[in-house]
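Report on the structure given below.
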Amino acid sequence: MEQIPMARKTTLYTYLHLNKKNKGSLYLCCRHALRRRKQRLVAPTKWEKRKSISQRPICIDQQLREDDLEMGPTDGSNNKGAILTITDRKTGYLIMENPKHGKDAKQLPMVVNRRLAFLKRRGQIFSITIDNGAEFTHFKSIEPALKILVFFAKPYCSSDKPHIENMNGLI
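Heads up, the sequence shown is in this note's numbering, so the first residue is 3 and it goes up one at a time.
If you want it as structure tokens, here you go:
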């Protein structure tokens, strides 16, 4: 069996980088066109103490009462802008808001408090279930303002909030 000389991966990439540096076009044939991974712009945030979805009362899990809400953002096209969607777990009542600042973590609780204040005055909110997105890091300002409980779904578990995931899919 003959030994066929083979080029190593690093040799190929060295050649492609030289091609790019010399204004060639061969590097564009690469699947990733020699693009580097983007660095994180924001350091991971530290969460305050939060209530897990496993601490939720049974009446919320079994949908025995109305006015237990699920909340989540929907990204706009090309991740520009966002729509905040809030839905009732039992009735499917939907509230949509287009925040000016997108998914800004400091502005989102103010939008939620303003949008849900009329439901709280009627006594129509008991709890909100939200996901672990960075946009909800300031959730502590929602709890005292609306005097409700905020629960967090398990990470990467969309089945914890099926109603809002379905609504966002329909939107």
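A virtual CB, placed ideally from N, CA and C, is assigned to each residue, including glycine.
Quick check on residue i: does DSSP put it in helix, strand or coil?
i: Phe154; result: strand
i: Glu145; result: helix
i: Lys11; result: helix
i: Lys122; result: helix
i: Asn115; result: helix
i: Leu28; result: helix
i: Glu167; result: helix
i: Ile60; result: helix
i: Glu4; result: coil
i: Lys106; result: A quick correction: the sequence has Asp, not Lys, at residue 106. Note: Asp106 maps to coil in three-state DSSP.
i: Thr139; result: coil
i: Thr34; result: First, the residue type needs correcting, since residue 34 is His and not Thr in the sequence shown. Three-state DSSP puts His34 in coil, outside helix and strand.
i: Lys40; result: coil
i: Leu66; result: coil
Answer yes or no: do residue i and residue j have a C-beta to C-beta separation smaller than 7 Å?
i: Asp77; j: Ala84; result: yes
i: Thr131; j: Glu167; result: no
i: Glu68; j: Lys92; result: yes
i: Ala107; j: Glu137; result: yes
i: Arg123; j: Glu99; result: no
i: Ile55; j: Asp162; result: yes
Bridge partners for residue i per DSSP, in chain order?
i: Glu72; result: Thr89, Thr131
i: Leu96; result: Thr89
i: Asp77; result: Ala84
i: Ser54; result: Phe154
Can you list, in chain order, the residues of its chain with a C-beta nearer than 7 Å to that of residue i? Leave out the 5 residues immediately preceding and following it.
i: Pro101; result: Ala84, Leu86, Gln109, Leu110, Val113
i: Ile150; result: Ile127, Phe128, Ser129, Ile130
i: Asn21; result: Leu28, Tyr29
i: Met169; result: Thr87, Thr89, Leu96
i: Ala35; result: Tyr29
Tell me which same chain residues have a C-beta within less than 6 Å of the C-beta of residue i, skipping the five on either side of it?
i: Asp133; result: Gly74, Ala155
i: His165; result: Glu72, Thr89, Arg91
i: Leu121; result: Ile127
i: Phe141; result: Val152
i: Ile173; result: Thr76
i: Gln65; result: Arg91, Lys92
Checking contacts by CB at 7 Å: is residue i closer than that to chain B?
i: Leu66; result: Considering every chain present, this structure includes no chain B. It has just one protein chain.
Within the same chain, show all residues whose beta-carbon is closer than 8 Å to that of residue i, passing over the 5 residues directly before and after it, in chain order.
i: Asn115; result: Ser143, Ile144, Ala147, Leu148
i: Leu183; result: Within the shown structure, residues of the chain are numbered from 3 to 173, placing residue 183 beyond reach of any answer.
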